[in-house]
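Everything below concerns the one structure shown next.
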C-alpha cells in the first residue's frame, strides 16, 4: 500500500517556542493538496445540510470580496500567484482575494488580503449556457504559504474521477436558499460525483462535457459558494475537480449541483499560466 504523501514529506518550515526550544511546530506546506491541518469530514453529511469546517483545514479556499469587504464568491489557490474561480462571478481587478480565512465575523484571524493584478476570463465562457465557467486571477503580490494558506492540486486532462467518488465542497454560501445572510464560518459537505448521463435526468441538455455534477445526496452548494472548490482525493492529495457553477434556484438537496469540469478546462489553464 502506498504511504500517504503527508507522512513522507519533510517539514518545509519549523517554528520553535522561544523559551521552550523543545516545543516546535512542523509546517508542512511543500506539496499541493495536503493541508497542514487535517480536515474532518463526517461522511455524507449544507452547504445546505453541511457542517462547519475545521479552521485552516481547507487552506486553498479563498473569499472573493468587493472593496467594501462583501463576500460574493469563493475561489481556490493553485499556486502562490494564482487563484481559480468561476467566470460568472464577474471578478474585477478592484476586488480582493482573502486567504487564510475561516470566520468572516472575526478580526482575530491571520488573514492575507491580496490585490488582483489581472483577470483572465475564459474567452469561451457563455453566460446563457454557463459553459466554460472558469476565470484565473493573477495576484499582484504572492500569497505567503503557511499552515493555513497553501495550494490545491490541479488534475491532468486525462485524470478520471468516476461516478460515486466521494468528494468535498466548501464555501461561505447560504445554508438555506431563503437565508438573509451567509454564514460567518466556512462550511463543508461531502457529496458523490454523478455521471453526466445521470445528471441529464435532472438537467437535460444543459449538461455538457465541460461540466461535472455532484450531490443529489441531501447536500448542495448554494448562493455565495460560487467559484469555490469541489475537491477529490487522488494519491493522498486533494485535487480540484470542479468549480462551483450553477444549480437549483432553491439549492435543493435532492438535485445535483453543477460544477465546471476542471479536467476539460486544464489545457486553457496551462496555456494562461505558461504565458503569464
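Residue numbers (the working numbering): 4 to 279.
Glycine included, C-beta positions come from ideal geometry on N, C-alpha and C.
Does DSSP put residue 203 in a helix, a strand or coil?
helix
In the DSSP assignment, what residue or residues form a beta bridge with residue 280?
Residue 280 lies beyond the range of the chain shown here (4 to 279); nothing can be said about it.
Alpha carbons only, please: which of 157, 234, 79, 148 is nearest the one belonging to residue 273?
157
List the residues that DSSP assigns as beta-bridge partners of residue 74.
For residue 74, which the question treats as bridged, DSSP gives the partners 68.
Just to confirm the assignment, what range does the beta strand (DSSP E) spanning residue 259 have?
259-264
To the nearest whole angstrom, what separates the beta carbons of residue 241 and residue 234, a pair I think is in contact under 8 Å?
Residue 234 and residue 241 do touch by the CB rule: their CB atoms are close to 4 Å apart, below 8 Å.
From this set, 62, 55, 204, 256, which residue's C-alpha is nearest residue 39's C-alpha?
Of all alpha-carbon atoms in 62, 55, 204, 256, the one lying nearest the alpha-carbon of residue 39 is that of 62.
Less than 8 Å between the CB atoms is what I'm expecting for residue 187 and residue 77, so what's the real figure, rounded?
Contact doesn't hold; Cβ gap of about 14 Å is too wide.
Could you check the C-alpha separation between residue 161 and residue 83 for me, to the nearest Å?
25 Å
Using a Cβ-Cβ distance cut-off of 8 Å, determine whether residue 202 contacts chain D.
This model lacks chain D altogether, as it is built from one protein chain only.
Inter-stretch contact at 8 Å, needing at least 3 Cβ pairs: the stretch 133-153 / the stretch 99-116
yes
Tell whether a beta-carbon distance below 8 Å holds between residue 230 and residue 92.
yes
Quick check: the Cα distance between residue 139 and residue 122, rounded to an integer number of angstroms?
Rounded to the nearest whole angstrom, the CA to CA distance from residue 139 to residue 122 is 6 Å.
Does the distance from the C-beta atom of residue 173 to that of residue 90 stay below 8 Å?
no
Whose CA, out of 252, 260, 142, lies closest to the CA of residue 171?
260
Between the stretch 200-218 and the stretch 123-135, do three or more beta carbon pairs fall short of 8 Å?
yes
Short check: CB of residue 143 to CB of residue 118, under 8 Å?
Yes, Cβ-Cβ distance for residue 143 and residue 118 is below 8 Å.
Is the stretch 194-207 close to the stretch 251-266, with three or more CB pairs under 8 Å?
yes
Going by alpha carbons, who is nearest to residue 65 out of 54, 81, 130?
81
Looking at the structure shown, is residue 208 part of a helix, part of a strand, or coil, going by DSSP?
helix
Can you name the residues that DSSP bridges to residue 134?
129
Residue 106 and residue 67 look like a contact to me (Cβ under 8 Å); what is the Cβ gap, rounded to whole Å?
Not a contact, Cβ separation roughly 17 Å.
Residue 169 versus residue 198 - alpha carbon distance
13 Å
Spatially closest choice to residue 74 from 269, 159, 108, by CA coordinates:
108
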